[in-house]
Each structure stands twice: as C-alpha cells, then as structure tokens.
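Novice: In our numbering, the protein residues as written are 1053 to 1439. The beta carbon of each residue, even a glycine, is placed where N, CA and C say it ideally should be. These numbers come from a predicted model, not from an experiment.
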C-alpha cells in the first residue's frame, strides 16, 4: 500500500541535503564551538555560516539569530525572556495575544497570568485578527504582543503588519513577537515587512531535523536589553541561550533553508496548484465543509465532517495509507485540539468532527484524488455521532 503523507504541518521528512549536512557536520566538524583550538574554530565557523544562512532565509538583514532546541523553546524564550527582562515589567504589565495560539505560546502566557501579568486575548473569528479589539487594548502598559503568522490548524494568514503598526502607535514600550513556524519559507517573514521584533522558526517544518529552531531578535531589543535569557549557564548564543550548540542540526537547518530559498518559487507554484485542485475536489463532496479564512496559505486545510469524529476518520484514512491530522500534533497529547477551531468560530461538536490536511511540494494531485476518494468512502461507511 502506498503511503500518502498529508500531515506536513506536524512535521516534514528530512531532505536528503539536510541529512547529508547533518552527517557531514557530525563526522567532520564535531568540535565544541566554544573551544579555542582549531577543531573548535571549525565548528564555530560552521555555526556562524549556518546562522547567517537561516537569518537570510528569514529575510532579516540584521539582528541576532539565537539557535534553540525548537519552536517551543524559542517561543518560551520570547515570552518569558521579555516578561522578566526588566524589574518594572513585573508589576501588572499587559501582554496581548491572539485566540487560537499554539500551546507553546498559550501555556507560557497562562503561567505569566498566574504570576500577575495581565494577558488579553484578541479574537480571531473567521481567521482574522479583530483590529478593533487590538486598538482598544493597546496602551502604555503593554510590553509585549505575541501573534502567530499562520494558524497551524486552519491555515489562516494573519495581518501581522497591521497589528504591529497599531502597537507602535499606541503602545510605545511594547515589542511584537511572531511565531512564524507554519509560514517560514512559504510566505513573507521579513522582520521589516512584518514589523516584528522577535520571530520564531523551526527546522522540522521545512525539511530539516527535529530538535533545532531559532528565535530572531531585533537590534533594538538587544540594544535596550529587552530580552533576558531563559536558560542560564555558559552564556552561548549571545548570552541568550546557554548550552553547547547543536552544530550538526544547525548545519542541517541551514541546508534546508538553502533548498527552500532556491526552490521557493517553484514550490509555491506547485502548492497553489494543489490548493486549487483540493478545493475543487472538496466542492464535489457536499457533506463536508472547508474552513477557509479570507487570506489563507495554500498548504493547510481545515475540513469539517458531517457528525463523524475526526479521530474516527483519521483511523479510516490511515487504514488506506493516508496520513492526516485530527488537530495539531502538539495538542493531541493531553490537550484537546479544539481551541484554535473554537477561535475560528466552530462549535465544540464541529471541532470534534474536523480534520487537518497539510501539504508540501512533495505531494501530487494523485495524492489528493486518493484523499477525496477516501473521504467519500469514509462518509459512506463510518458511524455518525448521535445527537
């Protein structure tokens, strides 16, 4: 049975080039970048080259790229690092975020709320940030705004630039953090275009290995000491993330970035063609509904089934060799995946009947034909939920 993988928002397969870069660095550049001898210098040079490559792929011409263990750590560094950067931030200051954020943003903010920070969540019904609510919430007490670029469940592409402009106008001391994990190399992530001060990216969403990610930090934040380290120790990564650097993983992430930048135009053209084909196929299945925001990325689709639990359909499709998701992989362990869908406007029952399909440049129109056939078969044979 052919395996059809349609869960690229959970993780992507490691590209051959990235895997080769990882192996080469592990064998040939194994030194500790902090060591002063020649072997350590070679590792430091490779790390510096990798940092420059990833920063360039992000679209940043300046600032510092801090390598982390992944997107979750980068988000935690951004949130806790900003909240605890200055003593005066610890007396009831305000943090704004958007409804439906990833758990690695939602949970740290919940902890900060418990610690005394005021956390305000802006509605995102229909996949659009409520700018009226944002304008009303912005004031001189706001120290941080954190908003994802692309919703990992619905594919909604948020207008981060407008949110940033509102913040800069009404909350002069605030900075903006953007979790760009699902948008990296698939949409605009330039700090200048987004108006962001902190940007999170992850390697395993772009053909790199798991266990490596990065947080871009603007020059202004560094100059004002507006971010404090979350992990303490040897002071690596410009003093913002202690721990011996994972040079092989950084090299592999950099290679995945090179491939992504080199092939971006062709990949995006292919994804837009797949998007059009899948939407056409879904329109031919009237029992289901595709939850699309006014502005969406072409690779993430949220599909609500008619009273069939998402996990039931997931297992049915899996039996046919088709891999999709019933929610973000990070939310499927110990946390119900309905929060982003509820933020979009779905009821609990609808969210419980919603699957996510996420594509990459490696998928084909034939993969989507098989998905549509599997959905039809599932709709015909699966037991529906009772009222």
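Under the three-state reduction of DSSP, which class applies to residue 1387: helix, strand or coil?
Specialist: Its pLDDT being 47, under 50, residue 1387 is placed unreliably by the model, and the measurement read from it follows with that caveat. Correct three-state label for residue 1387: coil.
Novice: Determine the closest residue to residue 1078 out of 1264, 1088, 1067 and 1095, with distance taken between C-alpha atoms.
Specialist: Of the candidates 1264, 1088, 1067 and 1095, the one whose C-alpha sits nearest the C-alpha of residue 1078 is 1095.
Novice: Starting from residue 1303 and walking both ways along the alpha helix (DSSP H), at which residues does that stretch end?
Specialist: Residue 1303 -> alpha helix (DSSP H) spans 1299-1314.
Novice: Report the residue from 1244, 1214 and 1192 whose alpha carbon sits nearest the alpha carbon of residue 1226.
Specialist: Residue 1192 is the option with its Cα nearest to residue 1226.
Novice: If we count the other Cβ atoms within 10 Å of its Cβ and call it buried at 16 or more, is residue 1440 buried or exposed?
Specialist: Absent from the model: residue 1440. The displayed extent of the chain is 1053 to 1439, so no value can be given.
Novice: Identify the continuous beta strand (DSSP E) that holds residue 1091 and give its terminal residues.
Specialist: From DSSP, residue 1091 is part of no beta strand (DSSP E) but of the alpha helix (DSSP H) over 1090-1110.
Novice: Among residues of its own chain, excluding the 5 on either side of residue 1385, which ones have a beta-carbon nearer than 6 Å to its beta-carbon?
Specialist: Since pLDDT at residue 1385 reaches only 43, below the 50 mark, its modelled position is unreliable, and the value read off the structure follows with that caveat. Hits under 6 Å: none found.
Novice: Is residue 1349 closer than 9 Å to residue 1259 when the C-beta atoms are compared?
Specialist: Result no, Cβ atoms of residue 1259 and residue 1349 do not sit closer than 9 Å.
Novice: Rounded to a whole number of angstroms, what is the C-alpha to C-alpha distance between residue 1213 and residue 1245?
Specialist: Cα to Cα, residue 1213 sits roughly 7 Å from residue 1245.
Novice: Since residue 1186 and residue 1230 should fall inside the 8 Å C-beta cutoff, what is the C-beta to C-beta distance between them, to a whole number of angstroms?
Specialist: That pair is no contact at about 14 Å.
Novice: Only counting the same chain, and skipping five residues up and downstream in sequence, which positions put a Cβ closer than 7 Å to that of residue 1277?
Specialist: Excluding residues within five positions, the ones whose Cβ falls inside 7 Å are 1137.
Novice: When the Cα atoms are used, what is the spatial distance from residue 1146 to residue 1325?
Specialist: C-alpha separation (whole angstroms): 43 Å.
Novice: In angstroms, rounded to a whole number, what distance separates the CA positions of residue 1309 and residue 1148?
Specialist: One C-alpha to the other measures close to 31 Å.
Novice: With distances taken from CA atoms, which of 1414, 1240 and 1354 is nearest residue 1319?
Specialist: Checking every option, the nearest Cα to that of residue 1319 belongs to 1414.
Novice: What does the alpha-carbon distance come out to for the pair residue 1089 and residue 1083?
Specialist: If I take the Cα positions, the gap works out to 9 Å.
Novice: Give the DSSP-derived three-state secondary structure of residue 1412 in the structure shown.
Specialist: Looking at residue 1412 - three-state DSSP - the assignment turns out to be coil, as it is neither helix nor strand.
Novice: Would you tell me roughly how many angstroms separate the C-alpha atoms of residue 1280 and residue 1139, rounded to the nearest one?
Specialist: Spanning the two alpha carbons is a distance of roughly 11 Å.
Novice: Using C-beta distances below 6 Å, list every residue in its chain close to residue 1112, excluding the 5 sequence neighbours before and after it, in chain order.
Specialist: These residues qualify, in order along the chain: 1243 and 1268.
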